[in-house]
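Novice:
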Amino acid sequence: MRDNQKTRVYKAEHLVGDVLNTVARTDARTFDFYGSTLVLPDERKFGDIVGVQRYVDQVLALNWVRDTWPTLAAQPVKVRTRRGAAKAEYRPGVISVPDHQQSISWAMRELVVLHELAHHLARGGEAHGAQFVSTYLHLVNELVGHEVGLLLTDAYSRNGVAFGALVAA
Numbered sequence: 001m002r003d004n005q006k007t008r009v010y011k012a013e014h015l016v017g018d019v020l021n022t023v024a025r026t027d028a029r030t031f032d033f034y035g036s037t038l039v040l041p042d043e044r045k046f047g048d049i050v051g052v053q054r055y056v057d058q059v060l061a062l063n064w065v066r067d068t069w070p071t072l073a074a075q076p077v078k079v080r081t082r083r084g085a086a087k088a089e090y091r092p093g094v095i096s097v098p099d100h101q102q103s104i105s106w107a108m109r110e111l112v113v114l115h116e117l118a119h120h121l122a123r124g125g126e127a128h129g130a131q132f133v134s135t136y137l138h139l140v141n142e143l144v145g146h147e148v149g150l151l152l153t154d155a156y157s158r159n160g161v162a163f164g165a166l167v168a169a
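Once you know that position 150 of the sequence shown is 150 in UniProt numbering, the rest is easy, because the numbers rise by one and skip nothing.
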């Protein structure tokens, strides 16, 4: 199946990641969003694969996650180190991320891990299609914060990314 939105999805997500990186370097933690000041939450960063695995397990065990995706949330997801440093990836039941031992830290952050976990919870359809995007937005809103969810929604909209209502699996 063709992945028509992949480039636009990644572009939007990189924009939000850049905003969080910039704000994290300041004490104020604020961002001007069309004339409104958003106070952005801290994004979790992980020190090793064990920490990523623990986080994934905790997310899948949350009541609201199990209620929203009862079948898929009950299926375990293994996190492993990915040899290549260029990308993180999801294959059924496995999230692979480059770790700090490879001098790569971009993947050891909450937004990247939630992106890969959204693939697990939004199986079927286009890999970066509307259902995936809606699932990822829901995870970001609930786990990272609504302020970051707002930035991500805006970035998706500005980049022509299609998303819709969340469809629970």
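Positions of the beta carbon are idealized from the N, C-alpha and C atoms, including for glycine.
Look up T78 in the DSSP assignment and say whether it is helix, strand or coil.
Specialist: As a working note, residue 78 is residue 78 in the sequence shown. The identity of residue 78 in the sequence shown is Lys, whereas the question assumes Thr. It is a strand residue.
Novice: By Cβ distance below 6 Å, which residues in the same chain neighbour L38 in space, the five residues on each side in sequence not counted?
Specialist: Reading the sequence shown from its first residue, position 38 is the one you call residue 38. Around L38: F31 and E147.
Novice: How many angstroms separate the CA atom of T22 from the CA atom of A12?
Specialist: The residue you call residue 22 lines up with position 22 of the sequence shown. The residue you call residue 12 lines up with position 12 of the sequence shown. So the two alpha carbons sit approximately 16 Å from each other.
Novice: Do three or more CB pairs link the segment 107–127 to the segment 137–144 at distances below 8 Å?
Specialist: yes
Novice: Should W64 be labelled buried (16 or more other beta-carbon atoms within 10 Å of its own) or exposed?
Specialist: Taking the sequence shown and counting its residues from 1, one reaches residue 64 at position 64. Its Cβ having fewer than 16 others within 10 Å, W64 is exposed.
Novice: Just to confirm, are D18 and H128 a CB contact at a threshold of 9 Å?
Specialist: As a first step, residue 18 is located in the sequence shown; it is residue number 18 there, counting from the start. As a first step, residue 128 is located in the sequence shown; it is residue number 128 there, counting from the start. No, the pair does not count as a contact, with Cβ atoms beyond the cut-off.
Novice: Do R83 and I95 have their CB atoms nearer than 9 Å?
Specialist: Mapped onto the sequence shown, residue 83 falls at position 83. Mapped onto the sequence shown, residue 95 falls at position 95. No. Outside cutoff.
Novice: Between S105, H115 and F132, which lies nearest to D48 when the distance is taken from Cα to Cα?
Specialist: If you number the sequence shown from 1, residue 48 lands on position 48. Among S105, H115 and F132, the Cα nearest to that of D48 belongs to S105.
Novice: I need the boundaries of the beta strand (DSSP E) containing F33, first residue and last residue.
Specialist: Taking the sequence shown and counting its residues from 1, one reaches residue 33 at position 33. Its beta strand (DSSP E) spans residues T30 to F33.
Novice: Is R109 close to chain C, meaning its C-beta is less than 9 Å from at least one C-beta of that chain?
Specialist: The structure shown contains no chain C; it is built from a single protein chain.
Novice: According to DSSP, is V161 helix, strand or coil?
Specialist: For the purposes of this step, residue 161 is identified with residue 161 of the sequence shown, where counting begins at 1. V161 falls in the coil class under three-state DSSP.
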